[in-house]
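Chains as they are written, first to last, in my numbering: chain A, 286 to 399; chain B, 4 to 112. Report on the following structure.
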């Protein structure tokens, strides 16, 4: 069964460093999402992406964040200058057609900023 | 106030018991989703529903649109059902999921 994959599974970085989290959505899916979950808290929406552009972003998704689909398969989340509070589990998800569809989640990347 | 509220926050039960987890929401929705988060952190979609009831194996999800309420039931619970169960909603014209805080379920053998 097709699945969403994410790399790396864990990343430790120093405050102020740039990180790139990578996702490979399911191949025929058109809508892509990033969510994050700070330890002990609920999952929060970061950004949605469709047709090579951001369709919606949350207030968390400030200028330090960017997303890109550099080729036909990868979907990346970049954090330019990490802060301690960026430590969280980051999930990528995808759907075939958008709303009213099941979202398929990747296994997550656990980011720790020291 | 959270748009999606779940109860209880934590639930411990004996193997074999019938489990009910509740979700209430305060906004108009296009669909309600039930998801399962395993101890390792991975999230799996269990159900998406916009009306009525769905069943998959021992899991049943119901929704009452008028009352803005949904329930997830597990029959003949088993220790492998131990996980965090999360309710989330999508709104019309908007694909993002808005999540509840989750219910941590522990089934004791």
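All C-beta atoms, glycine included, are put in the ideal place defined by N, C-alpha and C. Predicted, not measured: the structure shown is a model, and the values here were computed from it.
Item: At 7 Å on the CB atoms, spell out the chain A contacts of residue 63 of chain B, in chain order.; Value: Chain A residues near residue 63 of chain B: none, gap ~17 Å exceeds 7 Å.
Item: Can you give the beta carbon distance from residue 226 of chain A to residue 363 of chain A, rounded, assuming they're within the 8 Å contact cut?; Value: Chain A is shown from 286 up to 399; residue 226 of chain A falls before or after that span and cannot be answered.
Item: State buried or exposed for residue 56 of chain B, treating a residue as buried only when at least 16 other CB atoms are found within 10 Å of its CB.; Value: exposed
Item: My output table needs one value for residue 353 of chain A: the three-state DSSP class, helix, strand or coil.; Value: strand
Item: Residue 44 of chain B versus chain A: which residues are under 9 Å apart at the beta carbon?; Value: 322, 374, 376, 392, 393, 395
Item: Whose C-beta lies closer than 8 Å to the C-beta of residue 314 of chain A among residues of the same chain, with five residues either side of it excluded?; Value: 379, 380, 381, 389
Item: Within its chain, find whatever has a CB closer than 7 Å to the CB of residue 94 of chain B; leave out the 5 residues flanking it on each side and keep chain order.; Value: 30, 31, 32, 33
Item: Roughly how many angstroms lie between the CA atoms of residue 309 of chain A and residue 40 of chain B, to the nearest whole one?; Value: 20 Å
Item: Using the C-alpha atoms, what's the distance from residue 312 of chain A back to residue 344 of chain A?; Value: 29 Å
Item: Could you name the residues of chain A that residue 100 of chain B contacts, counting a contact when the two beta carbons are closer than 7 Å?; Value: 330, 388
Item: Enumerate, from N- to C-terminal direction, the unbroken beta strand (DSSP E) stretches of 3 or more residues contained entirely within the stretch 72–105 of chain B.; Value: 72–77, 86–94, 97–102
Item: Between A/338, A/366, A/374, which has its C-alpha nearest residue 355 of chain A's C-alpha?; Value: A/338
Item: Are any of the Cβ atoms in chain B nearer than 7 Å to that of residue 379 of chain A?; Value: no
Item: Among B/64, B/101, B/46, B/7, which has the Cα closest to the Cα of residue 23 of chain B?; Value: B/64
Item: Can you tell which of A/298, A/393, A/307 has the C-alpha that lies nearest to the C-alpha of residue 42 of chain B?; Value: A/393
Item: What are the boundary residues of the beta strand (DSSP E) that includes residue 56 of chain B?; Value: 55–59
Item: Between which two residues does the beta strand (DSSP E) containing residue 321 of chain A stretch?; Value: 316–322
Item: Could you say which of A/346, A/365, A/287 lies nearest to residue 331 of chain A if we only look at CA atoms?; Value: A/346
Item: Determine, for residue 86 of chain B, whether the minimum Cβ-Cβ distance to residues of chain A falls below 7 Å.; Value: no
Item: Taking the alpha-carbon positions, what's the residue 353 of chain A to residue 75 of chain B distance?; Value: 36 Å
Item: For a cutoff of 7 Å on Cβ pairs, would you count residue 385 of chain A as touching chain B?; Value: yes
Item: List, in order along the chain, the chain B residues whose C-beta lies closer than 7 Å to that of residue 333 of chain A?; Value: 98, 99
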